[in-house]
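Reading through the structure tokens given below for one structure.
Number of protein chains: 2
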Amino acid sequence: MKRLTTSLTRREFLHRAAAVGGSALLLNTMNAWGMGIASRTGAPPALSGSGKGKKVVVLGAGLAGMTAAYELVKLGYQVEVLEARGFAGGRCQTARKGFTLQELGGEMQTCRFDEGNYINHGPWRIPLDHQSTLYYTRQFDIPLEVMVNDNDHAWVYMEDAGPLSKQRLRAAQVKADMRGHVAELLAKSVQARMLDASLTPDDQRLLLDYLEHEGALRKTDLVYRGRNGRGWAVPPGAGLNPGQPSDPLGFHELLASKVGKVYSAVQEFPMHATMFQPVGGMDQIAQGFAKRLGKKIRYGTEVQSIRQSPDGVTIAVKDVKSGKLSQVKADWCLCAMPLSVLRTVDSDFSDNFKAAMKSVSYAPVGKIGLQMKRRFWEEDDQIYGGHVLTDMKGINTISLPSSGWQKKKGVVLGYYHYALDAIEVSALSPAERAEFAVAAGEKIFPAYRDSYENAFSVAWHRVQYNLGGWAEWDQAGREKAYPTLLAGEGRIMLAGEHLSYLTGWQAGAIESAWQQIEQLHKKANA
Amino acid sequence: MKRLTTSLTRREFLHRAAAVGGSALLLNTMNAWGMGIASRTGAPPALSGSGKGKKVVVLGAGLAGMTAAYELVKLGYQVEVLEARGFAGGRCQTARKGFTLQELGGEMQTCRFDEGNYINHGPWRIPLDHQSTLYYTRQFDIPLEVMVNDNDHAWVYMEDAGPLSKQRLRAAQVKADMRGHVAELLAKSVQARMLDASLTPDDQRLLLDYLEHEGALRKTDLVYRGRNGRGWAVPPGAGLNPGQPSDPLGFHELLASKVGKVYSAVQEFPMHATMFQPVGGMDQIAQGFAKRLGKKIRYGTEVQSIRQSPDGVTIAVKDVKSGKLSQVKADWCLCAMPLSVLRTVDSDFSDNFKAAMKSVSYAPVGKIGLQMKRRFWEEDDQIYGGHVLTDMKGINTISLPSSGWQKKKGVVLGYYHYALDAIEVSALSPAERAEFAVAAGEKIFPAYRDSYENAFSVAWHRVQYNLGGWAEWDQAGREKAYPTLLAGEGRIMLAGEHLSYLTGWQAGAIESAWQQIEQLHKKANA
């Protein structure tokens, strides 16, 4: 054993542990080494050699493109980033006062939020698991704050929930009562000796003990009668007020309502706490890259065609303002445009490669920020951040801001929808979308309409240089097209969230860039 | 019904609703009125009349005393606050560079944390339910940030947990697996028709659906095989890495370990999210009051005796620096010293009142802040805030800071203990306490000892002007002594967390002050 551990690298050893003992042994081994549940991709690849004397043209100044550019510059490459927009970040955008957006065929929207208010209408969350994204917030000294992604005090409001339809329930009420009733049911089954065949007497005793605790069952009769974690009828206070407990929702009502399905045993990856957001807006990350890349990014420069030869790559570009055409030549190309856009660009990729690009679909996604002149969700309902869960058509979630606590105003995310909902609502004008969102929100919050001041909305599938929220692979695509795209073609490599298993996340873009520059560097040094 | 609602006040109507339909009807009614689960005490009492021409002496510039003083001044009273310490806040303290503390019979400690680092060694959390505390943070424009009070990614580390002893488990692993196994067990009972007597076929179907979802059971066989919310063996990433799931802990091991008892169906009141802390330290609240009260607070002024006559109150005081004795006279007295201290002061309270003061015990409580030169809990283990739960003797919890994310250094709460543990550890010198905490912490975090730089500890039961963490009432005390103390005696009223059902919380002190000044104002205007 000693010889094994000394002669093998940790990685090799872990692979053997996994092969021999499955992931349980793997985890225990990593645990013993202080590696946590698993190592994470928390830093760019450490590459040897140099890029001196070689030029790489990067297409797109989104997070993938800028990550690649930033790291390639460090390796000595000459780098030029072509960006069609007048600003960097790709989907990593924040709308604040003066920010403009014109969707394809749509009106020009100019954000009218008050100073200090904003909406992250692209990515808005940095999960703790996304160490790659956190790596750059550290590198760029971007202050973070907690993004409240789970709030049991927020409303659950369902229109189609049987006996609990159209009631504002706290998520905590649903969780406490559903789990309490379930614990009672199982505890009574144990007591009735129904589980003698499944569990030893010792385990039955331990299970009862657990259920009493988890479900707050009364020890004497194993009945769930509510608990203070679900909220008080009258909360305790000073003087002669010990508080008055509240009564639980009925088990049958809860079952019939199906509201228990708004939560699960634990938040699924990567949604669990602690979730972060940059102080002041997600675009701080984009700015962090852009500031450091400076003039290496050519803004307002739209890619017209992509050509390569055995010696190099030629990109035909158009200056968006002047319409002037020109060419950019480089030894290598890192193409970090979304596939939704890239597949519309004239190129000399092989037919096979072009077909691969077409085999992924892009998610229709819409968001709207509603500036409220009063933070009624805090003041009236004591909801601080988190999401209101609802089945109202086209809304999906209403999210409350995790910044500006107790300030006067705030921007509420009025909807965050995908697929057909997103397509339908995106056909509306900005004003109609706002009315749609307000009309839904006021069913839950009486002060919603009166507090509403102005809105900023986006339908990502209608945004020219994105044409969708994120890549959505199906099984067949992952098997056939995905490896083709990963390999790149000739002197061109691709990068982006679409080439990861973290699609729709900034970490996907960053980690894809890390991986692809490693490949590009290998090729360039071959 | 119409006549009823128009002729009754809301409060009266709610009382009737509660009487007629229990708290379910009460809640529904309040819900319908947009009052949330319950109204909260979110603002000081609106008092009519004036205090002009009357003087109140307030004993103690803790939160209760300062709340009372601040509101009484607004009513027109002449107010003088006597404070033995050189600073205001009572237990609302923050230790940062230069802060000193000398416990009774102990060494002088001077905090040596680096600039920007601190520990809230008194109150450290503001629950969303404590609208009274939040009220003053709004009044005083004190910026808040989220205090991560629940972190499923933090370690659970038990020394006495059977088969899971001395293993670092993520709370999420325990929750996911325990709930998964329990869901499987119940689902199989349903499937085996064991619950036909308890549930209708419809409810059984709905329950199965819920359990599959909550417990992540495989639909085909209702077996729990783990889920990504418990963590990955290898997390998904870019390129060809879809991630590798991790295996669940066994049901029997979990039961035998009893670790399921570290959580319950929901966080109990008032521990649930969203929890807050003032940016920069809890003493911002104390400062907010102190700044506004200015010279109305006489610092370094220790109360020697309390006397009253039908006409007024006379407080004998000693200047702590000079030892000079003098008297303060007033029409009324609001005594906001802890009972632990007040009962040691010479007074002319009745024997009955003195006995009442003695019938409450004060909690021995200890905390220690350990400055770490590296945030290894974030860097190595991806734990951002929250508590490490452990059964290690004398530790109870190790808490990670919710500020300074990703900065270089940080202050860890190395223990937070009560009762016997607190008494035992408080007998140690500051250096020995630090060693005690470090020796425990390094069992969980390999980098603990190497990263440790310096410490600041407090044992509240050994702090001269507190003599305990908070009041702890038993049933008999609540019934007999508590109402006596609430009523005050003659021209003296008491206030503090000890006169609330929120003992140990700042909200208890504030709400008690609100209640008692209302009584005092009534008496003064009678």
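If you read the protein sequences in the order shown, they are chains A and B. Quick note: the first sequence uses my numbering, first residue 1, plus one each step. Quick note: the second sequence uses my numbering, first residue 1001, plus one each step. Backbone N, C-alpha and C define an ideal beta-carbon position, used for all residues, glycine too.
{"Item": "Partners in chain A for B:Lys1261, counting only beta-carbon separations shorter than 7 Å", "Value": "Tyr210, His213"}
{"Item": "Span separating the alpha-carbon of B:Gln1308 from that of B:Lys1055", "Value": "14 Å"}
{"Item": "Minimum Cβ-Cβ distance from A:His252 to chain E less than 9 Å", "Value": "Among the protein chains of the structure shown, namely A and B, there is no chain E."}
{"Item": "Cβ-Cβ distance between B:His1387 and B:Asn1151 below 9 Å", "Value": "yes"}
{"Item": "One or two residues paired with A:Lys443 in a DSSP bridge", "Value": "A:Lys443 pairs with nothing; no bridge assigned."}
{"Item": "Closest Cα partner of A:Trp505 within the set A:Trp514, A:Leu420, A:Ala471", "Value": "A:Ala471"}
{"Item": "Start-end ranges of the beta strand (DSSP E) lying completely within the region 1146-1191 of chain B, minimum 3 residues", "Value": "1155-1157"}
{"Item": "Distance, A:Asp114 Cα to A:Glu453 Cα", "Value": "10 Å"}
{"Item": "6 Å Cβ shell around A:Arg375 - same chain, five flanking residues per side excluded", "Value": "Gly410"}
{"Item": "DSSP state of A:Trp332 mapped onto helix, strand, coil", "Value": "strand"}
{"Item": "Beta-carbon contacts of B:Lys1522 that lie in its chain and below 6 Å, excluding the five residues immediately before and after", "Value": "none"}
{"Item": "Beta-bridge pairing of B:Pro1245 - partner residues as DSSP gives them", "Value": "B:Trp1232"}
{"Item": "Terminal residues of the alpha helix (DSSP H) in which A:Gln204 lies", "Value": "201-215"}
{"Item": "Chain A residues whose Cβ lies nearer than 9 Å to that of B:Ser1500", "Value": "Pro236, Gly237, Ala238, Gly239, Asn241"}
{"Item": "Cβ neighbours of B:Ser1326 in the same chain (closer than 7 Å, five flanking residues each side left out)", "Value": "Val1317"}
{"Item": "Partners in chain A for B:Ser1512, counting only beta-carbon separations shorter than 9 Å", "Value": "Gly237, Ala238, Gly239"}
{"Item": "First through last residue of the alpha helix (DSSP H) which encompasses A:Tyr135", "Value": "131-139"}
{"Item": "Partner residues on chain B for A:Thr301, Cβ-Cβ distance less than 9 Å", "Value": "The premise fails here: A:Thr301 is roughly 27 Å from chain B at the closest Cβ pair, so nothing lies under 9 Å."}
{"Item": "CA-to-CA distance, B:Gly1441 to B:Arg1449, given in whole angstroms", "Value": "8 Å"}
{"Item": "Rounded straight-line distance, which links the Cα of A:Ser350 to that of A:Thr314", "Value": "16 Å"}
{"Item": "Buried versus exposed, by CB contacts within 10 Å (16 or more), A:Ser305", "Value": "exposed"}
{"Item": "Pairwise C-alpha distance: A:Leu342 and A:Gly468", "Value": "12 Å"}
{"Item": "B:Asn1149 burial status per 10 Å Cβ neighbour count (16 or more: buried)", "Value": "buried"}
{"Item": "Beta carbon proximity, A:Lys175 to chain B, threshold 9 Å", "Value": "yes"}
{"Item": "Residue burial classification, B:Ala1176 (beta-carbon count within 10 angstroms, cutoff 16)", "Value": "buried"}
{"Item": "Reference B:Pro1483; option with closest CA among A:Gly62, A:Trp124, A:Asn241, A:Asp202", "Value": "A:Asn241"}
{"Item": "With 16 other Cβ atoms within 10 Å as the buried cut-off, status of A:Ala183", "Value": "buried"}
{"Item": "Element boundaries [alpha helix (DSSP H), containing A:Gly410]", "Value": "Here A:Gly410 belongs to no alpha helix (DSSP H); instead the beta strand (DSSP E) covers 410-418."}
{"Item": "C-alpha distance - B:Leu1185 paired with A:His213, whole-angstrom precision", "Value": "18 Å"}
{"Item": "Closest Cα partner of A:Arg298 within the set A:Gln382, A:Glu511, A:Ala84, A:Met337", "Value": "A:Ala84"}
{"Item": "Whole-angstrom C-beta distance between A:Ser457 and A:Gly366, which should lie under 8 Å", "Value": "7 Å"}
{"Item": "Three-way DSSP call (helix, strand, coil) for B:Pro1483 in this model", "Value": "helix"}
{"Item": "Collapsed DSSP secondary structure at A:Gln515 in the structure displayed", "Value": "helix"}
{"Item": "Status (buried if at least 16 other CB within 10 Å, exposed otherwise) for B:Asn1525", "Value": "exposed"}
{"Item": "Contact check, B:Trp1232 vs B:Pro1248, beta carbons under 9 Å", "Value": "no"}
{"Item": "Continuous alpha helix (DSSP H) stretch holding B:Gln1304: start and end", "Value": "B:Gln1304 -> not in any alpha helix (DSSP H); beta strand (DSSP E) instead, spanning 1301-1308."}
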